[in-house]
Amino acid sequence: MSDSTPSGPARPVVLDIWCELQCPDCRTALDDVRALRARYGDRIEPRLRHFPLEKHKHSFAAAQAAEEAAEQGQGWPFVEAVLGRVEELDKQGEPFLVDTARALGLDAEEFDTALIDGRHILIVDADHAEGKAIGVTGTPTYVIDGERLDGGKSQDGLRERIEQIADRLLAEQG
3 MSDSTPSGPA
13 RPVVLDIWCE
23 LQCPDCRTAL
33 DDVRALRARY
43 GDRIEPRLRH
53 FPLEKHKHSF
63 AAAQAAEEAA
73 EQGQGWPFVE
83 AVLGRVEELD
93 KQGEPFLVDT
103 ARALGLDAEE
113 FDTALIDGRH
123 ILIVDADHAE
133 GKAIGVTGTP
143 TYVIDGERLD
153 GGKSQDGLRE
163 RIEQIADRLL
173 AEQG
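When we follow this note's numbering, the leftmost residue of the sequence shown carries the number 3, and every step to the right adds one.
Written out as structure tokens, the structure is:
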């Protein structure tokens with residue numbers, strides 16, 4: 003009997019992105035996420051984690067809407083669409099979220115209902131609580147291989163640090 007375990011397909015490197023959909027800095031961080039996806043493809047798994055900030059009136063609704071979009075199979079396209087138009091979210095609030103869903107071909111009525119009934123609030127609250135527990139104070143904040151990288155004050159050098167960690171993890175997998 004052999005002690006070695008056959009290696010299966012490499013697992014993607016998980017990159018948690020603590021984000022707030024009303025945050026202009028998170029909009030800027032999308033360029034880094036796109037660059038990481040372009041470089042690593044399916045070898046990296048960016049996961050949106052919600053960290054709505056109280057200073058932004060529509061951030062909790064936007065986080066819930068992102069969860070509804072994910073449930074309808076368009077999570078990242080919705081996130082990118084909302085972050086690309088942060089100013090409109092600031093001005094219009096929930097109607098903007100529903101209109102964005104409709105523009106992406108999602109079930110806008112279900113979106114509206116989800117925002118009213120709060121079906122995704124537990125996910126948002128759990129993410130927020132976990133973020134606080136690990137020391138997230140602002141957005142964007144990245145967590146990769148247990149290392150927290152705070153982009154709330156400056157995003158300079160963060161993508162390069164993420165790439166270093168991802169390269170190391172992928173090399174370790176073989």
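Using N, Cα and C, we set each Cβ at its ideal position, and we do this for glycine too.
Go through its chain and collect everything with a Cβ distance to residue i's Cβ below 7 angstroms, but skip five positions before and after it.
i	result
Gln24	His58, His60, Ser61, Ala64, Val88, Leu91, Asp92
Glu22	Cys28, Phe53, Pro54, Leu55, His58, Ser61, Thr141
From the options, pick the residue whose C-alpha is nearest to that of residue i; which is it?
i	options	result
Gly148	Gln157, Ile164, Ser156, Asp158	Ile164
Ala110	Pro97, Arg39, Asp119, Asp18	Pro97
Gly159	Ala173, Glu174, Thr143	Thr143
Trp20	Pro48, Tyr42, Gly75, Asp44	Pro48
Pro26	Arg41, Glu82, Val15	Glu82
Ile146	Glu162, His130, Ala168, Glu132	Ala168
Glu73	Arg13, His130, Gln94, Phe113	Phe113
Cutting at 8 angstroms between CB atoms, please list the residues of its own chain near residue i, excluding the five before and the five after it.
i	result
Val126	His52, Pro54, Phe62, Ala65, Gln66, Glu69
Ala105	Ala83
Taking 8 angstroms as the threshold (C-beta atoms), are residue j and residue i in contact?
i	j	result
Leu99	Leu124	no
Arg121	Gly137	no
Ile46	Arg36	no
Phe80	Thr102	yes
Asp34	Gln157	yes
Gln175	Arg13	yes
Leu32	Leu85	yes
Gly77	Leu50	yes
Leu172	Val16	no
With DSSP as the reference, label residue i as helix, strand or coil.
i	result
Cys25	coil
Asp119	helix
Asp18	strand
Pro79	helix
Arg104	helix
Leu91	helix
Gln175	helix
Pro54	coil
Arg45	helix
Ala12	coil
Gln66	helix
Asp114	helix
Asp33	helix
What does a CB cutoff of less than 6 angstroms around residue i pick up in its chain, not counting 5 residues either side in sequence?
i	result
Gly140	Gly154
Arg161	Asp34
Open item on the list: Which runs of the alpha helix (DSSP H) at least 4 residues long sit entirely within the region 122–172? Give them in chain order.
Closed with: 123–135
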